[in-house]
Structure formats: structure tokens, C-alpha cells
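Residue numbers (the UniProt record's numbering): 9 to 301.
The structure appears below as C-alpha cells.
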Ligand code: ADP
């Protein structure tokens, strides 16, 4: 696994040089969710230049949103990336940076965790990231589940009986609309705590505030129900949890106690993601190398 990789999320852009499967150099810059896609491509090119990338090198690019089989990039939650609607990302990269494989960031992370991390012994595996939104990737029988429209694996947009209200995807009452960071901050606002982002809600819950505990517990319950539902469909044996909220102190424990209410059959092994913020980078390059051979 030698080459370069990029991870473009709603809040940050990371680029890395990878040697023998290990991130040896990493650069990061903030992203602007409202920026034009051309600007994002230029930012990608800038970081890769500084890492010594040349157009002949292997390159994998993981992004928030979906990538269809023509390499076009679409936001799924319009609140995260506001200007991305069918942008020809693969073509723009080929022209300005070099040939690259593009895929969803959580799908890339799932592939990396399945091969090299928490899912390495799994036959039916899901990776869930609990971050600003809820992302997911599914690896069954060693293969990443993909679809021509790039939507496969976007499990945050599944309905949830813990949720209400409109989701940025246009659906209503989704897991993302109750469990993600943006939803947690919105719930705090409704409870009369307008300045609280997800991190502040977690801090308040740790300090014993009932209102905050309720919000965090509801997020964990919604994710636990999602895990039970996905297990019904895919017979999951292992689920790895990532994202700043998923890996926040106490979240995995809350998730485990919510999941304990499910019958044994619907309760896969839950583990923290092992590759941390390198997962989408390593997975993107792995996906590129899979497609190049
Ligand atoms: P992204 O959504 O861009 O992938 P992250 O995985 O870092 O990025 O998720 C960002 C979300 O995580 C925000 O809602 C933020 O408030 C929340 N967050 C960041 N750090 C913590 C923390 N220590 N505890 C709880 N929530 C956190």
C-alpha cells in the first residue's frame, strides 16, 4: 500500500503520503462547507503538491457525500456540503491533479477497518462514524458494498423511532436527525442551551446534567437500534464505531448498554475503530489499488 490519499470532510481536508500501509506524512486544512467544488479540488492539489505527489502516483480520495459510478460527487445531506450537486470530481482530479479513485469517506474507512483494523476477523462488518452526521460503510464477505449511485452504506439516513423532524437528506426522522453532532446541538438548543455544541453537551452529561444525559443517551439508543436493524439485514458479526462522538469517553459504553436490550442474535460485537483518522485515507488508497489491478 504505497501512494497518496485525501480525506475531504465537512469540516476538514486531510492529505497523506502512505508507505507500506502506514501514513508517513499528513497535512490538514480546514474546509468550507459552502466553498465551490473547484476550490476544493484546488485545495486538494495544493496539499498533494506539498507532499511530493506526481500524476503517476497512486491516489485515493475519500469524500463526504456520494460518488456515482461516473465519478460525480453529490451531497446527500445538503446541510453538510452545500454546493456539491453532481460535480465531476474524478474528471477534475484527473485533469488538475492526476488519476484517482474517489469514494465515500465512511465506505473508505470501512474498507480499511475491515482489512487492517477492528473488522479484520469479521465476515460481515459495518463501520459507523458518529460525527457531525452519521456515516457508514458495509463490508460483507470481504467486499465493500457499493452501488452505481454511490448511496449504498449511507446508513445514517435510515428511519429511527427515536427521531423526529426533517433531516438534511430530505427524509424525516432519520438516525442522523437524532444521533449526529448537528442533531445533538439542535436538541440542546431546544432544551434552552443555545451555545452548546455536541462536545459541550457531552461535557455537561459527564458533569451530571440530566438534560444533556438524555440527549446523549438518545443518540446512543438510536445508533444501537440502527445496529440491530443492520444486523437483521446483513447478519453482522462486528461493528466498529468511529467519529469524534463515537469515540468520545462513555459513548461506546452507552451504546453497549442500549444494545444489551436487543436479543442476542441482533447484538454483534462492538469495537472502537482502530485506525482513527487515518482510516478513510488508508481505505481510499486501498480502493484505488483494488481498482488498478
Ligand atoms: P466530521 O464530522 O467532520 O467527520 P468529527 O468526527 O470530528 O468530524 O465530528 C465532529 C462532531 O463531533 C461535532 O459535532 C463536534 O461537536 C463533536 N465532537 C468533537 N469532539 C468531541 C468530544 N470530545 N466529545 C463529544 N463530541 C465531540
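Each residue gets a CB set at the ideal place from its N, CA and C atoms; glycine is no exception.
- Taking 7 Å as the cut-off, one finds no heavy atom of the ligand ADP near enough to the beta carbon of residue 226.
- Look at residue 207: its beta carbon is less than 7 Å from one of the heavy atoms in the ligand ADP.
- For residue 210, the Cβ falls inside the 7 Å cut-off from some heavy atom of the ligand ADP.
- Residue 265 counts as exposed, since fewer than 16 other beta carbons sit within 10 angstroms of its beta carbon.
- Setting aside the 5 residues that flank it on each side, residue 291 is surrounded in the same chain by 116, 117, 119, 120, each with a C-beta closer than 6 Å to its C-beta; the list follows chain order.
- Taking a contact as a CB-CB distance under 8 Å, the pair residue 30 and residue 293 does not count as one, their CB atoms being some 11 Å apart.
- Annotated as distal: residue 277 and residue 267, with beta-carbon spacing of 8 Å or more.
- Distance from the CA atom of residue 103 to the CA atom of residue 157, rounded to whole angstroms, is 23 Å.
- Short note on residue 251: C-beta closer than 7 Å to some heavy atom of the ligand ADP.
- Close CB contacts of residue 214 within its chain, under the 8 Å cut and outside five residues either way in sequence, are with 257, 258 (chain order).
- Judged by the Cβ position, residue 18 qualifies as a neighbour of the ligand ADP at the 7 Å threshold, a heavy atom of the ligand being closer than this.
- Taking the CA atoms as reference points, residue 45 sits about 10 Å from residue 51.
- The alpha helix (DSSP H) runs lying completely inside the segment 126 to 153 and spanning 4 residues or more number zero.
- For residue 67, the three-state secondary structure derived from DSSP is strand.
- Secondary-structure assignment with DSSP links residue 167 through a beta bridge to 182.
- The C-alpha of residue 42 lies about 19 Å from the C-alpha of residue 54.
- Scanning its chain for C-beta atoms nearer than 6 Å, with the 5 sequence neighbours on each side dropped, one finds around residue 209 the residues 192, 196, 220, 223, in chain order.
- The closest heavy atom of the ligand ADP lies less than 7 Å from the beta carbon of residue 140.
- Between residue 171 and residue 230 a beta carbon distance of about 6 Å is seen, short of the 8 Å cut, so the two are scored as contacting.
- At a threshold of 7 Å, residue 160 does not count as near the ligand ADP, since its beta carbon sits no closer than that to any of the ligand's heavy atoms.
- When 81, 301, 273, 288 are compared, the shortest CA-CA separation from residue 239 is found for 273.
- Counted as a single uninterrupted DSSP element, the alpha helix (DSSP H) harbouring residue 240 occupies residues 218 to 242.
- Cβ-Cβ separation between residue 22 and residue 297: approximately 19 Å, too far for a contact (criterion under 8 Å).
- Between residue 134 and residue 244, the alpha-carbon positions lie close to 7 Å from each other.
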